[in-house]
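Comments concern the structure below.
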Amino acid sequence: MSPTKTVRRLLGLDTAKDQYAYGEDPSYGYISESRVAEDWIKTTCGYCSVGCGMLLGVKNGKAVAARGNPEHPVNRGKLCPKGLSEHHILNAPGRAKQPLLRKNGKLEPVSWHEALDTMVERISGIQARHGAGSLGVIGTGQLVTEEFYTLGKLVQLGFRTPNFDGNTTLCMASAVSGYKLSFGSDGPPGSYADLETADVILLIGANIADNHPILCNRLDRNKHRTLIVVDPRVSKTAMMADVHLPVKPRSDIALVNGIAHILIRDELIDRDYIEHHTNGFEELASFVSTFTPEHVSEVTGLSTTQIEQVASLYGRAKAAFIGWTMGVNHSSQGAVTVAAINNLALITGNIGRSGAAPFSITGQCNAMGTREAGFTSSLPGYRQFDNPAHREELADLWNVDRALIPKARGLAYPDIIEAAVAGRIRALWFIATNPAVSFPNYKVLEHALRGVEFLVVQDGFHPTPTSEFAHLVLPAAIWGEKEGTYTNSERRISKVNRAVKPPGQALSDFDIFLALAERLGVRQDLYPGWQSTRDAYSEWQRVSAGRICDYSQFSWEEIEAAGGRQWAGDRLYSDGIFPTHDGRAKLHCVPCDPFLEQPNQEYDLILNTGRTVEHWHTRTKTARVDLLNKMVPHAWLEMNPVDAARLKLRSHDRVTVISRRSHIPALELRITSIVAPGQVFMPFHFAESNSNLVTLGAFDPISREPNFKQCAVRIEKSGTH
Amino acid sequence: MALPLYERALNQGSYGLVRLTPDRGVDDAPRTAAVEEVPSLLPSRPLSPGEQYRFHFNMTRCIGCRSCEVACNEQNGNPADIQWRRVGEIEGGTYPNTLRHYLSMGCNHCLDAECLKGCPVDAYTKDPTTGIVLHSTDACIGCQYCVWNCPYSVPQFNPERGVVGKCDMCKGRLDHGLEPACVNACPEAAIEIEIVNTAEWRNNFSTAESPGLPAAIHTVSTTRITLPTRLDIPLERVDADQIRPEHAHLSLVFMTTMMQGVIGTLVFSLRRRASFRELLTLLCITSAALIISTLHLGRPAYAWRALRMWRRSWLSREILLFTLFAASLATMTAGALLHDTSAGFHSTLRSLNAAVGIAATLASAFIYLVPARPAWNMLHTPIDFLLSAAVLGSMASALGYSRSLTFVLPTTAAWIANHALRLYRLRASGLFELRATYGLLTSDRLFAQLCASFAVIVMGALAFAAGYIVLALLACSMGVLLARYLFFVSVVPLKMGLTFLQGRHA
């Protein structure tokens, strides 16, 4: 501020009137002049996978406002607080603006040429010495589908390492595996519209009020529904419920099996559907016979009345919907829990009809895009590694040697990290993800990050807790700076558009991938004539044609005009035919095992982790939005008054969370009946109080998803530890 | 006021119009795909005389997503530290029978708006048509008296601007038939605008009450709140253990102490004719105090405007009386310099000056008698202001003259008794905010200062008795300053319950 201005301000002659003036936006009317836009760009929100349609206001090349698109079928004009303030991240400090290469221990600015030449040279050298598989690549759910598709080819056919996975393994892998177990393919069968037409909605481990707030709007349009929420914590969503089932941690399988038991006992099942469309009913019926209400009551902590009531509600519903998120997925039994949930839908015929579906509510904005096009846990287009016909089809579509297509999936995310610790992976490339905050059991991860010879972090922001370890930082464009498509939880492909230029020298991930392909000498083979993500989309349309996730009928223009289009239409499996060898879905017998790290005398409490509505994942973005960050500036720990009294702790005390692995110091204590006695809860968003210092490095044997949700801890007043 | 929303949506295809008020007369108009008709969140008819607009908050719908807060800040271009709409959390019960609910509150556009009554510059108006409590940033001088007066801490001071700002129900949008930004943003349609008949509301405003909010009686809040039907579990605010000291207002600490010292001295010097040097010193202190007081303002250059509302605002009256006091003191000083006034005239002027001074001290104290700040709103406040004047005055008036314990001992004893009694009453109070003030005063952070304030007063009295008048005066000034500092920082205002982490917000 100039001296004159300072004096004028101190005297009160200047009240920053211009800065606070109001103006008239042609579309939105009276509003702060600072939010008046010249142009509104249609796009899709870049936070969660609800996939809200948005209009991004731009003025003089800067994003100035974000609005819900009232014409978009998902959100009909509404946005959550993160979406409403999303334009701020495009002007936020902390963006990565130029490539940085570690020289003599320090990250120094280099040209793109030097950065990419070095990257290819170093990685090729490591691969020459240790084999192609010594490169591990961890992607994300944050890119546009066209970029995932491009990246998959680059990693598998360019760098030729199979050890490629996404951070989606920390999130939805169990749902993917569970769908494959039951139905033979990934793909959420339902739609958000089902929330409006179902008469019973059962949410298991899904706190949508904090994590997918706009879905509450869809749910609340349904005036006749009965909402049942299964959650050990009295979450915001539990407060919306007609029936809240406060289950003991990880007893969900017992509950689901117990419901199946009652449904079969009381003949509340669809014999006809079972007979024509499923396998394994007799085994299931015999298996769940031991899950009597009394037994389930013992395991879950619910009363038999509650269990009978919920089973009866679900069984007698005309259309019953089951939604779940991380409470189910974040488990070493996640995949089979999903299969157990699918059992309920299958034996009652609650699938493939309006309002009736088992439905995973996805996390990241484009986790679905990477599942479909990404070439990590399956071949693009939900093709299978172990299916020769699929491999050949793909090789022919790409016009590459059939032998080039890998016959098996490479290492999954946790196994890549473990291989890096063991020295089998020597180079790591992270794209748009922040494992230093998001990966469980931080100490092991740190070992991997420090241990590899070459670590590349490609991100929109720097420094991040992960990029600080990097040998090479590649600055990438983020949401709002590039064009392509996102696919949301309900399989809706929505258009994402560029509103502003990326800062500094940052490039779109797509351009970075092509530049690397150029250096690897595979650009013409893999991406013939490609210039933009539109070219990637055209090829992806051909590659997905005829598959369950068929994009071939939807042009970008059509998608944008329609506010998104759902591949395979409103719902999957309406004909009762499943993509298995005999077209029938499989019922699975899922035992309910106790979670791995049970509390004992030394570690007497169960730590549960989760989210808060104001923040997104590891806060690389939301920590930069001043208002969101000031609403919730730091982490906290929720503890029941009974435990607090026993430990002689008071509200706002600073406490340390200690597990067998490490400890988190100085958390602000919230004493509240939101959590059960014997359990504590903390949000996982905060690098400064990283819940993954203490979480368990245990993974689902099928999906490889971490068991973030339960570990044994003890709590001490900070300063005494 | 017309709300031509439907027509506008049809004709302009505006993106901003999510919710529509079907307007008679255009019902037959062709409907475009962009227009989705949903229940209106705006009244569908104009206001009649005796009516005003108000917010209706449906607690049973709110999911605590906080979109309304973001929408408000975006609408008004406010920085993150200022939130004209805030969300609070209330909870109760025992696991698993736990209840959690949320409050989303902007301005309550009260029938008896205390912000408006106290404003010394008439920056507030209650809009005659809509009943919206409007604030003019142009008129505002940043005295923040409204911040003290509002039991909901709705008006918020913006240090970047030097003025206060507040929720105006998005009048600029309402005038164009658009719902307020918070109403528009809420995904759950939990906030809406309604019409209320003011006379009927004044008669029964029980639906303005909610757990986590101060009683509506203070200002007759117009916001209607739909509470959850389940009443067996009492809901309590979650920020109750989150009491932080308030702003110290150091300029006011010094100004009030200095003025009380000067006025006390003149009152205790009434029996004799003060010398030019004495009067000049007092005049200098007075001038300095008045200059310091303007530093409290966000816009010191417009301090003079505060004289305007003397008929209504104790702040205006204080400033007016202090100005008169300074003028009469200046006249006395000039008279003493020129030696040309008669003894009779001088004596009358002295008495007049002392009377104005006492009145000014009382006016000054009455500023703090605001229901929204219970620890100030006690008889102890004016008594403290008068006794502080007496303690400092009885000592200062002895400077250069023979010391007399006649006044000093009783006044210091009374000062201590008043403070001690106040502490006792705070501790024993049934009101949360008063007990919280006691808690703050006896907290690790403030307890040493509290003890020191008493100790130095006692030391001052002892020093005086021992003949060290200057030392005594210094000690007692320090004691009064400390006590005044504690007076400002330890007040716990009435306000809405906020979230667990945000409770520390002013």
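Chains as they are written, first to last, in the working numbering: chain A, 169 to 889; chain B, 17 to 522. All residues carry an ideal CB built from backbone N, CA and C; glycine is no exception.
Looking at the unbroken beta strand (DSSP E) that takes in residue i, where does it start and where does it end?
i, result
"S200 of chain A", "G197 to S200"
"N74 of chain B", "E67 to N74"
"V690 of chain A", "Careful: V690 of chain A lies outside any beta strand (DSSP E) and carries neither H nor E."
"I369 of chain A", "V368 to I372"
"K611 of chain A", "It is not in any beta strand (DSSP E) - K611 of chain A instead sits in the alpha helix (DSSP H) that spans Y610 to G619."
"N174 of chain B", "Q172 to N174"
"D703 of chain A", "Segment T701 to S712 is the alpha helix (DSSP H) holding D703 of chain A; no beta strand (DSSP E) there."
"M1 of chain B", "No information on residue 1 of chain B is available, as it lies outside the stretch 17 to 522 that chain B covers here."
"F849 of chain A", "Q847 to P851"
"K182 of chain B", "Taken as a continuous stretch (DSSP letters only), K182 of chain B belongs to no beta strand (DSSP E), as it is neither H nor E."
"A879 of chain A", "In the sequence on display, residue 879 of chain A carries Cys and not Ala. Its beta strand (DSSP E) spans residues C879 to K885."
Which partner residues of residue i appear in the DSSP bridge assignment?
i, result
"N510 of chain A", "DSSP lists no partner for N510 of chain A."
"P633 of chain A", "In the DSSP output, where bridge partners are listed per residue, P633 of chain A has none listed."
"N89 of chain B", "Looking at the DSSP assignment, N89 of chain B forms no beta bridge with any residue, so it has no partner."
"R240 of chain B", "B:H72"
"Q626 of chain A", "A:I599 and A:L642"
I think residue i touches residue j, with their Cβ atoms under 8 Å apart; what is that distance to the nearest whole Å?
i, j, result
"T405 of chain A", "V415 of chain A", "Not quite, the Cβ-Cβ distance comes to about 14 Å (not below 8 Å), so this is no contact."
"K227 of chain A", "I382 of chain A", "Incorrect: roughly 26 Å between the Cβ atoms, too far for contact."
"G531 of chain A", "V312 of chain A", "Wrong, their Cβ atoms sit about 17 Å apart, outside the cutoff."
"S471 of chain A", "S465 of chain A", "6 Å"
"R203 of chain A", "A233 of chain A", "4 Å"
"L835 of chain A", "L796 of chain A", "Actually they do not touch by this definition, with Cβ atoms about 20 Å apart."
"I593 of chain A", "G304 of chain A", "4 Å"
"N768 of chain A", "F849 of chain A", "Between F849 of chain A and N768 of chain A the Cβ distance is about 20 Å, and since that is not below 8 Å, they are no contact."
Kindly indicate the opening and closing residues of the alpha helix (DSSP H) around residue i.
i, result
"D811 of chain A", "P809 to R814"
"D207 of chain A", "Here D207 of chain A belongs to no alpha helix (DSSP H); instead the beta strand (DSSP E) covers D207 to T212."
"L284 of chain A", "W280 to H298"
"C131 of chain B", "E130 to G134"
"M169 of chain A", "No alpha helix (DSSP H) holds M169 of chain A; DSSP gives it neither H nor E."
"N425 of chain A", "D420 to R433"
"N335 of chain A", "Here N335 of chain A belongs to no alpha helix (DSSP H), and DSSP marks it neither H nor E."
"C492 of chain B", "I485 to V505"
"A430 of chain B", "L421 to A444"
"T397 of chain B", "H396 to A412"
"L478 of chain B", "F463 to A481"
"K187 of chain B", "K187 to L190"
"A231 of chain A", "From DSSP, A231 of chain A is part of no alpha helix (DSSP H) but of the beta strand (DSSP E) over K230 to G236."
Under a CB-based cut-off of 8 Å, is residue i close to chain C?
i, result
"G732 of chain A", "Absent from the structure: chain C. Protein chains present are A and B."
Fully enclosed by the stretch 444 to 500 of chain A, which beta strand (DSSP E) runs are 3 residues long or longer? If you keep only unbroken beta strand (DSSP E) runs of at least 3 residues inside the stretch 444 to 500 of chain A, you get 488 to 492.
If contact means a Cβ-Cβ distance below 9 Å, which residues of the stretch 65 to 94 of chain B contact chain A? Within the stretch 65 to 94 of chain B, the residues whose Cβ lies closer than 9 Å to any Cβ of chain A are, in chain order, R77, I79, G80, C81, R82, S83, C84, E85, V86, A87, N89, E90, Q91, N92, G93 and N94.
Under 7 Å (Cβ pairs) to chain A, residues found in the stretch 177 to 208 of chain B: So the close ones are R177, G178, V179, G188, R189, H192, L194, A201, P203 and E204.
Along the stretch 452 to 472 of chain B, where does the CB come closer than 7 Å to a CB of chain A? Name the residues. So nothing in the stretch comes that close.
Let me know the beta strand (DSSP E) ranges lying completely inside the stretch 557 to 607 of chain A, each 3 residues or longer, listed in chain order. Within the stretch 557 to 607 of chain A, the complete beta strand (DSSP E) runs of at least 3 residues are 595 to 599.
Which residues, in order along the stretch 368 to 398 of chain A, keep a beta-carbon less than 7 Å from a beta-carbon of chain B? For the stretch 368 to 398 of chain A, which is checked against every Cβ of chain B, the residues closer than 7 Å are A377, P381, I382, C384, N385 and D388.
At a Cβ cut of 8 Å, what residues of the stretch 235 to 252 of chain B count as close to chain A, listed as they run along the chain? Residues of the stretch 235 to 252 of chain B with a C-beta less than 8 Å from any C-beta of chain A: none at all.
Pick out the complete beta strand (DSSP E) segments inside the stretch 519 to 550 of chain A, 3 residues or longer, and give them in chain order. Whole beta strand (DSSP E) segments, 3+ residues: 525 to 528.
Taking any Cβ of chain B, which residues in the stretch 208 to 239 of chain A have a Cβ under 9 Å from it, in chain order? For the stretch 208 to 239 of chain A, the beta-carbon criterion of a distance under 9 Å to any beta-carbon of chain B is satisfied by W208, L223, A233, A234, R235, G236, N237, P238 and E239.
Which ranges does the beta strand (DSSP E) cover as unbroken runs of at least 3 residues, wholly within the stretch 756 to 793 of chain A, from first to last along the chain? Within the stretch 756 to 793 of chain A, the complete beta strand (DSSP E) runs of at least 3 residues fall at 773 to 778.
What are the complete beta strand (DSSP E) segments, minimum 3 residues, inside the stretch 639 to 695 of chain A? Runs found: 640 to 643, 652 to 655 and 660 to 664.
Scan the stretch 250 to 276 of chain A and note each continuous beta strand (DSSP E) run of 3 residues or more that stays entirely inside, going in chain order. With a minimum length of 3 residues, the continuous beta strand (DSSP E) runs that stay inside the stretch 250 to 276 of chain A are 268 to 271.
Could you name each continuous alpha helix (DSSP H) segment of 4 residues or more that falls completely within the stretch 321 to 360 of chain B, going from the start of the chain to the end? Runs of the alpha helix (DSSP H) inside the stretch 321 to 360 of chain B: 330 to 354.
Residues from the stretch 137 to 170 of chain B in contact with chain A, defined by Cβ distance under 9 Å: Residues passing the 9 Å Cβ filter: T153, D154, C156, I157 and G158.
For the stretch 782 to 798 of chain A, list every residue whose C-beta sits within 7 Å of some C-beta in chain B, in sequence order. Cβ contacts with chain B: E782, D794, L795 and K798.
Beta carbons nearer than 8 Å to chain A: which residues of the stretch 299 to 317 of chain B have them? Within the stretch 299 to 317 of chain B, the qualifying residues are L313, G314, R315, P316 and A317.
Any C-beta of chain A within less than 7 Å: which residues of the stretch 502 to 518 of chain B qualify? Within the stretch 502 to 518 of chain B, the residues whose Cβ lies closer than 7 Å to any Cβ of chain A are, in chain order, F516, L517 and Q518.
For the stretch 190 to 203 of chain A, which residues have a beta carbon sitting closer than 9 Å to at least one beta carbon of chain B? Taking 9 Å as the Cβ-Cβ cut-off against chain B, the residues of the stretch 190 to 203 of chain A that qualify are Y190, E192, D193, P194, S195, Y196, G197, Y198, I199, S200, E201, S202 and R203.
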